Structures are given as structure tokens and as C-alpha cells.
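The opening position of the sequence shown corresponds to residue 1 in UniProt numbering, with each subsequent residue numbered one higher.
Think of the CB as a built atom: it goes at the ideal place given N, C-alpha and C, for glycine as much as any other residue.
Source: prediction; values computed, not measured.
A short write-up of the structure that comes next.
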Amino acid sequence: MPLSGHCLCKAVTYTVDMDAPIITGYDHCDDCQRQSGSTYSLVCVVLKDKLTVNGPVKKWEGKGSSGQSVWRWFCEECGSPIAHDPDAAPPIIALKGGTLDSEIKKTLKPDTEIWTAGKLPFCQEHLEKPFTHMPE
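Here it is, written out as C-alpha cells:
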């Protein structure tokens, strides 16, 4: 069954022609903390060429630790973050896990933590595969 989701106002919808994300993880980078307004962002990494997005998406360009652009996608209408798209890893895109359809996100099993260099000291998640930065 393909993955699917939407923003808060449902103006932006998406489908991913994949049964499951490649990685589901807690992203502790400072940018994800700021974009989510929380201590980390739950991300679901998928193949970008399997993703179809409909609706008014705005893209904001930031810089990643690689020095390359990271495009933050969000709904123009309600401002919900949808994904971040790193130029340093062209085949993938990281969807914001909270935007997946309810029945799908209930089945997510985070399997890693990334950017633990930015992990706030009071966060308690301790998974078996943490990465100080991005996995290779």
C-alpha cells in the first residue's frame, strides 16, 4: 500500500509509491527543531522519484552542514512542514512523519536517530542506531 499524507488544512496532499520508508527516525538537528517547533522532527526518508505532491507547496532554501542547499517544503496555506530535501542526497527526501495519514503514522517504528550532535539533553529516546550527523 502506498504511503500518503497531507498538511493540516489538506491543501497539500502527497503519495509515495513505496510500502514503507527507507528510514524512520528522530532528527535532532537545530533546523528541524526550529521547523517543527519541538525537540526533534520525526522524519520518514523515501525515494524522491516515488513521491507525488499536489497543492500549494512553498520551498525555502537553507544550507546543510555539507554547504549544499536543504530545501524545506511547507504548505503555503497553513504553513505545515511537509519535507526537507537535501541537495547533498539527491535520491531521497525526508517527509515529516506527522503529515502521514493517521492509520499509516500509527504503524511507524522509528529505527534511528540522526543529528544527535544537536540532541537536547532532556530527550530520552535511545535507539540502537544513533548517528552524530547523517548516515552515509
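Around the C-beta of glycine 62, fewer than 16 other C-beta atoms lie within 10 Å, and the residue is accordingly described as exposed. In the three-state reduction of the DSSP assignment, glutamate 103 falls in the helix class. Around proline 2, the same chain offers Thr15, Val16, Asp17, Met18, Asp19 as residues with beta carbons nearer than 8 Å, after the five sequence neighbours per side are excluded. With a cutoff of 9 Å on beta-carbon distance, glycine 118 and glutamine 35 are scored as not near each other. Remark: C-beta atoms of leucine 47 and isoleucine 82 do not approach each other more closely than 9 Å. Per DSSP, cysteine 75 is one residue of the beta strand (DSSP E) stretching across 69 to 75.
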